[in-house]
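One structure below.
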Amino acid sequence: MTVSVSDNDLLNKNDSVNHSARYPVICIDGPSGAGKGTVTWRLAQVLGYQLLDSGALYRIVGLKAFEAGLITADASHLIDESAVLALTKSLEIAFLPNNDSGRVDIIVNGQAVGDQVRNETVGGYASQIAVFPTVRQALLTLQQDMATRSGLVADGRDMGTVVFPDADVKVYLTASAEARAERRVTQLVNAGQAADFDSILATIKERDDRDEN
Numbered sequence: 001m002t003v004s005v006s007d008n009d010l011l012n013k014n015d016s017v018n019h020s021a022r023y024p025v026i027c028i029d030g031p032s033g034a035g036k037g038t039v040t041w042r043l044a045q046v047l048g049y050q051l052l053d054s055g056a057l058y059r060i061v062g063l064k065a066f067e068a069g070l071i072t073a074d075a076s077h078l079i080d081e082s083a084v085l086a087l088t089k090s091l092e093i094a095f096l097p098n099n100d101s102g103r104v105d106i107i108v109n110g111q112a113v114g115d116q117v118r119n120e121t122v123g124g125y126a127s128q129i130a131v132f133p134t135v136r137q138a139l140l141t142l143q144q145d146m147a148t149r150s151g152l153v154a155d156g157r158d159m160g161t162v163v164f165p166d167a168d169v170k171v172y173l174t175a176s177a178e179a180r181a182e183r184r185v186t187q188l189v190n191a192g193q194a195a196d197f198d199s200i201l202a203t204i205k206e207r208d209d210r211d212e213n
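Right under this line is the structure:
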């Protein structure tokens, strides 16, 4: 099912949401590759809200942990959880909608890292640090703190259930695994990166299976 929403509809919705909360939160939830990022970017642009890409947070920490020598590409040595936690708390992260590119600029400590974060290799770094409860809690706090500053459009799994259970608006987007894999391939190719459909499809199905179980 496709739902079309005009800019005026969104602005009217914004007016109604503001009556119920000083800083409204809109959650865009759903599986990887369903189009959450595109919808989040458009809503943030139209409403003038902050944007949160929760999936990128773990990639950011993973990338910075790798650059700091705290983890290795092949996960070959024991990771110091306290060091990763300290690193996580030191990061200043911003997600800025870029009207020219139609993408989100990811800024970490004043440096643009969007292309690096979107690299498939960094997903492996993210998996290494995501197992730590203290890091997950620190990132949860970071996300919730964003809603104390201004209106927020939050993109990611569990946004409306775990991170912002009392969000003003909750949207769940989904699509078949094959459609999501095709979309991811297109994103990578457009970014000048190699992309293998079968490999990406298998990864998506594995993630779906983990989430369902």
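Numbered per UniProt numbering, the sequence shown finishes at 213, counting up by one with no gaps.
Even glycine gets a Cβ: it sits at the ideal position worked out from N, Cα and C.
Under the three-state reduction of DSSP, which class applies to Asp115: helix, strand or coil?
helix
Looking only at its own chain, which residues have a Cβ that is under 7 angstroms from the Cβ of Ala21, when we skip the five neighbours before and after it?
Caution applies to Ala21, whose pLDDT of 44 falls short of 50 and renders its modelled position unreliable; the model cannot decide the point.
If you compare alpha carbons, which of Arg136, Ala75, Leu47 is closest to Gly55?
Arg136
Counting C-beta neighbours from all protein chains within 10 Å, is the total for Ile200 16 or more, i.e. buried, or is it exposed?
buried
How many Å lie between Ala126 and Val46 at the Cα?
31 angstroms
Identity of the residue in Val104, Gln193, Leu91 nearest Gly110 by Cα
Leu91
Roughly how far, in whole angstroms, is the beta-carbon of Asp53 from the beta-carbon of Gly156, given that I think they are within contact range, below 8 angstroms?
7 angstroms
Does the stretch 129 to 149 come into contact with the stretch 66 to 86, if we say contact requires no fewer than three beta-carbon pairs (one atom in each stretch) closer than 8 angstroms?
yes
Can Ile26 and Gly151 be called in contact, C-beta distance under 9 angstroms?
yes
Got a sec, what are the start and stop residues for the alpha helix (DSSP H) Arg180 sits in?
177 to 190
Collapsed DSSP secondary structure at Leu173 in the structure displayed:
coil
What's the call for Thr141, buried or exposed, on a 16-neighbour Cβ count within 10 Å?
exposed
Does the beta-carbon of Arg210 have 16 or more other beta-carbons within 10 angstroms, so that it is buried, or is it exposed?
exposed
With 16 other CB atoms within 10 Å as the buried threshold, where does Gly30 fall?
buried
At which residues does the alpha helix (DSSP H) containing Asp145 begin and terminate?
133 to 146
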